[in-house]
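Peer 1: Chains as they are written, first to last, in my numbering: chain A, 4 to 272; chain B, 616 to 913; chain C, 149 to 576; chain D, 185 to 495. Glycine included, C-beta positions come from ideal geometry on N, C-alpha and C. Everything numeric in this text was worked out from a predicted model, so none of it was measured.
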Amino acid sequence: MAVVLDARDLSKRFGAVTAAMNVSAAIEQDSVVGLIGTNGAGKTTFINMITGYIKPDTGSIHYRGRDITALSPREVTRIGICRSFQIPQLYSSLSVFENMMVGLGVVLRNAGLGGFFSRGQPNVPGHDAPAEDVAERILQRFGLSDYRNKNAQVLPGGVRKLLDIALTMVAKPAILLLDEPTSGVSAEEKFGMMEMVMAAVKAEGATVLFVEHDMEVVSRFAERVLAFYDGRIIADAAPEIALSDPEVKRYVVGGELRRMDEREGAANA
Amino acid sequence: MEEILTVIVDGIFYSAWLFVAAIGLTLIYGVMKIVNLTHGSFYALGAYAAASLTGAWIARGYPPMLSYAVLLGSAVIVTLVFAPLIERGVLRFMYTKDEVVILLITYALFLILEDVIKLIWGVDPYFIAEPYGLLGSFEIGGLTHPTYNLILVGIAIVAGVGLTLLLRGTRFGKLLRTVIHDPEVSRAMGINVDRFYLVTFTFGSMLAAVGGAFTAPTVSVVPGIGVEIVVLSFAVIVIGGMGSLPGAALGAVIVGLVRSAAIHYAPAVELFVIYFVMALVLAFRPRGLFSLAEPRKI
Amino acid sequence: MRGLSKLATAVVAALTVAPVSAYAQDPAAAPVKIGVVTMLSGPAASPFGVPARNAAELVIELLNEGKAPAPYATKGFGGTAVQTAIIDEAGSTTTQVTEYRNLVQRHNVDAVIGYISSGNCIAVAPVAEELKKLTNFFDCGTPRIFEEGSYKYVFRTSPTSTMDSVGAALYLKDAKPKVKSIAGLNQNYAWGQDSWAEFEATMKYLVPTIEVKNSQMPKLYAGQYNAEISTLLGAKADAIHSSFWDGDLEALILQAAPRGLLKKSTGILTTGETAMYKLAAHIPDGTIMGARGPFGPYAPNNELNRWFFKEFQDRYGVPPNYAAYQMTQAILGVKMAWEKAQAANGGKRPSNEQVAAALENSTFEGPGGTVKMANGKGHQAIMETVYGMSKVVGGKMTVTNVKRYPAEKVNPPEGVKGIDWIKGGFKN
Amino acid sequence: MKSDRTLIILGVILLALVVAGPLLPQWAMFLATIAIAKGLVALGLLLQLRAGLVSFGQALYYCIGAYSAGSLGRFFGIGDMLLQMLTGCIMAALVAYILGFLLARYRGIFYGLLSLALSMILYGLLVKSEALGSTDGINILPSTVFGIRPEQAWVRYAVLVAGCAVAFIATLLVDRYLKTPLGQLAPAIKDNEIRVEYMGASVRDAIHVKYVIAAALSGIGGALAATTVGHIDPDMAYWTTSGEFIFITILAGTNSVVAPFLGAAIFGIIHTVAFDISPNTWQMTLGIALLLVIVFLPDGLWSLFTRRKAA
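#1: Looking only at its own chain, which residues have a Cβ that is under 7 Å from the Cβ of C:Lys557, when we skip the five neighbours before and after it?
#2: Please list the segments of the beta strand (DSSP E) lying wholly inside the segment 371–409 of chain D, counting only runs of 3 or more residues, in order along the chain.
#3: I'd like the list of long-range same chain contacts for D:Ile353, defined as Cβ closer than 8 Å, with 5 residues on each side in sequence excluded.
#4: Taking A:Ala114 as the reference, which of A:Glu101, A:Gly129, A:Glu226, A:Met103 has the closest Cα?
#5: For chain D, check one thing: does any of its Cβ atoms lie closer than 8 Å to the Cβ of C:Asp236?
#6: Roughly how many angstroms lie between the CA atoms of A:Leu179 and A:Arg227, to the nearest whole one?
#7: Quick one: which chain D residues come within Cβ less than 8 Å of A:Ser96?
#8: Could you give the first and the last residue of the continuous alpha helix (DSSP H) run that contains B:Phe634?
#9: Residue range of the beta strand (DSSP E) that C:Val287 falls in?
#10: Looking at chain B, which residues of the segment 445–466 of chain C have a Cβ within less than 7 Å of any of its Cβ atoms?
#11: Helix, strand or coil for C:Lys181 per DSSP?
#12: For my contact list, A:Arg67 and A:Val110 are in at a C-beta cut-off of 8 Å; report their separation, rounded to the angstrom.
#13: Less than 8 Å between the CB atoms is what I'm expecting for D:Ala219 and D:Ala448, so what's the real figure, rounded?
#14: By the criterion of Cβ-Cβ separation under 7 Å, what are the contact partners of A:Val105 in chain D?
#15: So C:Tyr263 and C:Glu277 are supposed to be a Cβ contact under 8 Å. How far apart are they, rounded?
#16: Mind checking whether D:Ile293 and B:Met857 have CB atoms under 8 Å apart?
#17: Cβ of C:Pro561 within 8 Å of Cβ of C:Asn549?
#18: Quick one: which residues of the segment 619–643 of chain B get their C-beta closer than 7 Å to a C-beta of chain C? List them in chain order.
#19: Determine, using beta carbons only, whether C:Met531 and C:Met424 come nearer to each other than 8 Å.
#20: Taking DSSP as the reference, what is the three-state secondary structure of A:Leu212?
#21: If you check the beta carbons only, do B:Leu668 and B:Val691 fall under 8 Å apart?
#22: Using a Cβ cut-off of 8 Å (strictly closer), state whether B:Met893 contacts chain D.
#23: Is there a C-beta anywhere in chain D that falls below 8 Å from the one on A:Gln92?
#24: List the residues of chain D whose Cβ lies closer than 9 Å to the Cβ of B:Pro678, in chain order.
#25: Which class does A:Asn152 belong to by DSSP, given the choice of helix, strand or coil?
#26: Does the separation of the CB atoms of A:Gln124 and A:Glu183 fall below 8 Å?
#27: Helix, strand or coil: which one does DSSP assign to C:Tyr470?
#28: Can you name the residues of chain D whose CB is closer than 9 Å to the CB of B:Asp730?
#29: Would you tell me roughly how many angstroms separate the C-alpha atoms of C:Ala485 and D:Ala200, rounded to the nearest one?
#30: What's the call for D:Gln268, buried or exposed, on a 16-neighbour Cβ count within 10 Å?
#31: Taking the C-alpha atoms as reference points, what is the distance between D:Gln210 and C:Gln253?
#32: Please list the residues of the segment 301–312 of chain D that have a C-beta atom closer than 9 Å to any C-beta atom in chain B, keeping them in chain order.
#33: Is the CB of C:Asn493 under 8 Å away from at least one CB in chain B?
#34: For the segment 196–228 of chain D, enumerate the residues whose C-beta is nearer than 7 Å to any C-beta of chain C, in chain order.
#35: For the segment 226–250 of chain D, which residues have a beta carbon sitting closer than 8 Å to at least one beta carbon of chain B?
#36: In three-state DSSP terms, what is C:Gln335?
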């Protein structure tokens, strides 16, 4: 399959901390890739570098053969690489629907539509429907219709995550990077949530990279796993292979299990 | 050479004055994140209180050397009367509001205090020149300077160093820093945040009053004396970086030196040189010279 | 909408608060209503605004009781009681024009006396003309008003700043014939800039070889002058001209004293009179003191002055300063014109046009002596001016070797701009 | 949308003014015109406030507008009020376009104080410029419409009508702008700039645009004020003037494009009444009024109109 996103030898240091060292990964069209690794392993840094939030010290990022290393988040988004956030980034003073409309407005504007002089309701490029319909459709796909007029500030955690992801869909992303889509969601709900998200994403059609701590979720949804440890990729393979890799077992899975126990402990305490 | 020396000396005197006036403002902003226009009112209150009380002191023929203590005392007293009143009476109900709205509230209070001052002291000017002349004068670079100016320099140093030590060294300082870092968490930790705000506001305002009190002997205390000082102080602490003590110091020194240089070499530009420096600094250091680090967003 | 109606009532209420009594009474018997605009807040309140207001209240009260000496003995204005509406001359010129319009059109005043700020005078003059309302500026100094425009309803019964600067220069030359160099310390706004320009030009004419060492123009209300004083000390000029007033002037005197600035160079304080009593101890003897005309210590010893000085001193416990004199002079001028016009009008209440016509080109006596409405097509007063030197006698401030300069010698002739007149060599 | 209704309200109010104009006493016309002029500036502040930005230097553009109008008369002998407003608008917009590249990088208090510094620099320059009358300022030519000088008694009315017309058009355009995607970014920028960038929009460009529009409005306001008052001086750029505009904007509330005009009118009235009833303590009256509004009408006076819906 064709490589759409190609990261080569990305390295990034913050003072003494090595956030990334010679990270390389080639992502194929329409694949679903899980990024695993304990906190601080470099997963979010990887996403931040791809989306231009931080610039790598060395290395390059290519999208469909084009070098996008130097692009800003805005430009990266415009060429179809979108992301969601570990901590949902919402417009807290606006309603769920308005959140969507702001996003769609930007899409329209970038397409030169819905400007000062334009009349009527132009179709949103990629969705071929007026903005309001698109918003409703996406909200429905993510099961957010009931929250349509709720203020983003008052949404429960899981819903915030969903809206955060739904917001990425307005631009019809070709590549979607989900940073811990299920964090803060109870173990029971995780699967249901991922089901819904993946269904929605696939319906819109996109290559997906997602960060996940729960190995069951990873092996259930990922076609391929990138295991991060200390800023390096220590394994890059199909889930069953990657997760059984001894290094991964030691540095990642083990770490995650310990993390779980702690959470249990905290819950019981 | 002599002229450069004079420029520096004048600059330092002005810087000291500016610093004393501005340090309280940066403290209050640093802790409470409010842009406090009543700072000017407290400067004026300090000046008026000092002028009237010290005037009475001298008139009664008490030892003039103690008049400096009276200057200080009157600043303290007047602040203890007004600052808690304002903080407890009005501001504390407003902390939840936007920064801008709080700024407007302090503006409203500033307007009110302007007239309160007029009602208490009237519009006639007050003088207490005695403390100014008392210490005689000294000579640098062939020019005589009143020794009194050194007092302001002294106060500036004491205030700056003292406040730094207070924040770094003491338990109060440590707690205050946690309050600055995150008021909510501090509350959760059982720190009495309100009390810290009250203390900070009172202390910050007191510094303004002290500035006014020790300026009083060198000027005639008239209505509106506090208006200009607010903007001037803001220029200083913005140049230095809002909420930063060393920043305020550096800002004051820069403004002071630039201004006195302007007066000596290009009197025409003195009028807006300060704002020019401010714009210039912000153009290259958008958050001022000693900007506090931004927290990680994602 | 409940809100809307609430608001509407508020608005209506707000606007009817204004004393509309003037509408109610029948115009003939109605008292003469004078709008008095002067600074009641800000740094100019204590030296000018409040003394002027006090003078206005005092004089109008005395006039209404008919307690003024001749020729002002008739009660009020020609027998009609005088009422005042006092407005603070604060805020932007926009505010002042707004308030002026309110005075004229809502309070229906018969005349407006006021304005300290030259900017306000310049802004108000055309409005007065538009509204055809007799308006007398009592204090503002800028020569521009009648140099740039000509008016029917606008008057100024006090001289312009030109007189102060020229007088100061003449006096300096007379008192110190060997003066070789001058320096200036003036506030960085129109008044300070004009005063210095006129003084400098006059000195250059009087002493072609004069050396101008330095001209400092600190910000208005700066309050801190150590750096300026240093430069002036360094300049070592024979004389230092300053048109500083009140707060700034007092700060300057206080900060200059310990550094001996005014001892090393002769100070020329064109408005020094406002500070001379308060700061007697800090002003070195021999400092040249101005009072913007024959006012205060320089006022002539005539009955009007003795009356005014005593009444003011008794009422307020301080001697009247020049602002008080100028306000009194302004009121008396209008009274004189009003009564002249009333007489011409067969004893009936005169119209604004008639009063204006009567005031034009008139000459009247004030506590400061003779006022000639000689310039600006008869709308701008000229007076003699007086300067002297400070001398502290037994802790009390007095003035010595006082010199009086006749009006024609220190004011440009009709139709000539002050600065042109000076540069042109004072041709009358 | 709600703003359509409010626009009608504005239209009705302005139309009422125009119709009632001849019956109004001149001082009322003057007050109204000044209110419109200041309302335009406040409208500009509203645009910025919605994006979470407060300019303590909006007077910069108010003053530029006024001096452009003044210069037209002083140097080209043009007194046409419409031309004056147009010039003021253009000059302000031009300057804002250039300064915008700098300002758009700033947020919060720094945005405010940098704009304050800039307007104070203009103040300083004007004080130095004797050709423009230094601090005393200059009077500007009597207003004319299309070169015709109206009958003395009708000048105020002519200015008022012109003001109403311009204000209405400006407000229509602003409202239209607020409905475009760019306009609707404002609250998003206030809430979460990162997200805005990650949606493919440039926060800086958006702010730059708002800054220029605000300046253009202020320029018109300045020119209108100049031709109404007939006098201009450097104080129009002084920080206290900017403070007054913020005062008006907050007083009015930022929930409607009509509110600023209302706020300006109320401000003018409070001010005048304060001067009337307490010439010695009008500042206190003003301050107390402001406090009361902030405490009891946190969303500004406009909430008086909308409250009924809320309840």
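Peer 2: Short version:
#1: Sequence index remark: in the third sequence, residue 557 of chain C carries index 409 (1-based). So the list is empty, once near-sequence residues are dropped.
#2: Here no run is fully enclosed.
#3: The residue given as residue 353 of chain D occupies position 169 in the fourth sequence. None.
#4: One-based indexing of the first sequence puts residue 114 of chain A at position 111. Of the candidates A:Glu101, A:Gly129, A:Glu226, A:Met103, the one whose C-alpha sits nearest the C-alpha of A:Ala114 is A:Gly129.
#5: In the third sequence, counting from the first residue as 1, residue 236 of chain C sits at position 88. Yes, contact with chain D.
#6: Within the first sequence, residue 179 of chain A is the residue found at index 176, counting from 1. Within the first sequence, residue 227 of chain A is the residue found at index 224, counting from 1. Pairing A:Leu179 with A:Arg227, the inter-Cα distance amounts to about 15 Å.
#7: Numbered from 1 along the first sequence, position 93 holds the residue referred to as residue 96 of chain A. Result: Pro371, Lys374, Asp375.
#8: Position 19 of the second sequence, counting from 1, holds the residue named residue 634 of chain B. Where B:Phe634 is concerned, the enclosing alpha helix (DSSP H) stretches over 617–647.
#9: One-based indexing of the third sequence puts residue 287 of chain C at position 139. Correcting the residue identity first, residue 287 of chain C is Asp in this sequence and not Val. It is not in any beta strand (DSSP E) - C:Asp287 carries neither H nor E in the DSSP assignment.
#10: Considering only beta carbons, no part of the segment 445–466 of chain C lies closer than 7 Å to chain B.
#11: As a first step, residue 181 of chain C is located in the third sequence; it is residue number 33 there, counting from the start. Correct three-state label for C:Lys181: strand.
#12: Working through the first sequence from its first residue, we reach residue 67 of chain A at position 64. Working through the first sequence from its first residue, we reach residue 110 of chain A at position 107. The pair is not a contact, with the Cβ atoms about 20 Å apart (cut-off 8 Å).
#13: Taking the fourth sequence and counting its residues from 1, one reaches residue 219 of chain D at position 35. Taking the fourth sequence and counting its residues from 1, one reaches residue 448 of chain D at position 264. Confirmed, Cβ separation roughly 4 Å.
#14: For the purposes of this step, residue 105 of chain A is taken as residue 102 along the first sequence, with counting starting at 1. By Cβ distance, chain D contributes Gln368, Leu369, Ala372.
#15: Within the third sequence, residue 263 of chain C is the residue found at index 115, counting from 1. Within the third sequence, residue 277 of chain C is the residue found at index 129, counting from 1. In this structure C:Tyr263 is not in contact with C:Glu277, their Cβ atoms being roughly 15 Å apart against a cut-off of 8 Å.
#16: Within the fourth sequence, the letter at position 109 stands for residue 293 of chain D. Within the second sequence, the letter at position 242 stands for residue 857 of chain B. In this structure, D:Ile293 sits near B:Met857, with a CB-CB distance shorter than 8 Å.
#17: Counted from its first residue, the third sequence places residue 561 of chain C at position 413. Counted from its first residue, the third sequence places residue 549 of chain C at position 401. Cβ atoms of C:Pro561 and C:Asn549: not closer than 8 Å.
#18: Here the close residues are Thr621, Asp625, Phe628, Tyr629, Trp632.
#19: Translated into the one-based positions of the third sequence, residue 531 of chain C becomes position 383. Translated into the one-based positions of the third sequence, residue 424 of chain C becomes position 276. No; because the gap between Cβ atoms is not below 8 Å, this pair is not in contact.
#20: Stepping through the first sequence from its first residue, residue 212 of chain A is reached at position 209. Look at A:Leu212 here: in three-state DSSP terms it is strand.
#21: Your numbering for residue 668 of chain B matches position 53 in the second sequence. Your numbering for residue 691 of chain B matches position 76 in the second sequence. For B:Leu668 and B:Val691, no; Cβs fall outside 8 Å.
#22: Here residue 893 of chain B is taken as the residue at index 278 of the second sequence, counted from 1. Yes, its Cβ sits closer than 8 Å to a Cβ of chain D.
#23: Here residue 92 of chain A corresponds to residue number 89 of the first sequence, with the count starting at 1. For A:Gln92, at least one C-beta of chain D is nearer than 8 Å to its own C-beta.
#24: The residue you call residue 678 of chain B lines up with position 63 of the second sequence. Going along chain D, no residue has its Cβ under 9 Å from B:Pro678, so there is no contact; the nearest lies around 38 Å.
#25: If you number the first sequence from 1, residue 152 of chain A lands on position 149. In the three-state reduction of the DSSP assignment, A:Asn152 falls in the coil class.
#26: Translated into the one-based positions of the first sequence, residue 124 of chain A becomes position 121. Translated into the one-based positions of the first sequence, residue 183 of chain A becomes position 180. Not in contact: A:Gln124 and A:Glu183 (Cβ atoms no closer than 8 Å).
#27: The residue you call residue 470 of chain C lines up with position 322 of the third sequence. C:Tyr470 falls in the helix class under three-state DSSP.
#28: Sequence index remark: in the second sequence, residue 730 of chain B carries index 115 (1-based). Correct list: Ser462, Asn464, Thr465, Trp466, Gln467, Met468, Thr469, Gly471.
#29: As a first step, residue 485 of chain C is located in the third sequence; it is residue number 337 there, counting from the start. As a first step, residue 200 of chain D is located in the fourth sequence; it is residue number 16 there, counting from the start. In this structure, the alpha-carbon of C:Ala485 lies about 43 Å from that of D:Ala200.
#30: Counting from 1 along the fourth sequence, the entry for residue 268 of chain D is found at position 84. D:Gln268 should be labelled buried.
#31: For the purposes of this step, residue 210 of chain D is taken as residue 26 along the fourth sequence, with counting starting at 1. For the purposes of this step, residue 253 of chain C is taken as residue 105 along the third sequence, with counting starting at 1. Taking the straight line from one Cα to the other gives about 7 Å.
#32: Those would be Ala301, Leu302, Ser303, Met304, Ile305, Leu306, Tyr307, Gly308, Leu309, Val311, Lys312, in chain order.
#33: Translated into the one-based positions of the third sequence, residue 493 of chain C becomes position 345. No, its Cβ sits nowhere closer than 8 Å to a Cβ of chain B.
#34: Close to chain C, meaning a Cβ-Cβ distance shorter than 7 Å, are the following residues of the segment 196–228 of chain D: Pro209, Gln210, Trp211, Phe214, Leu215, Ile218.
#35: Answer in chain order: Leu233, Val238.
#36: What you label residue 335 of chain C is simply residue 187 of the third sequence in a count that begins at 1. Looking at C:Gln335 - three-state DSSP - the assignment turns out to be coil, as it is neither helix nor strand.
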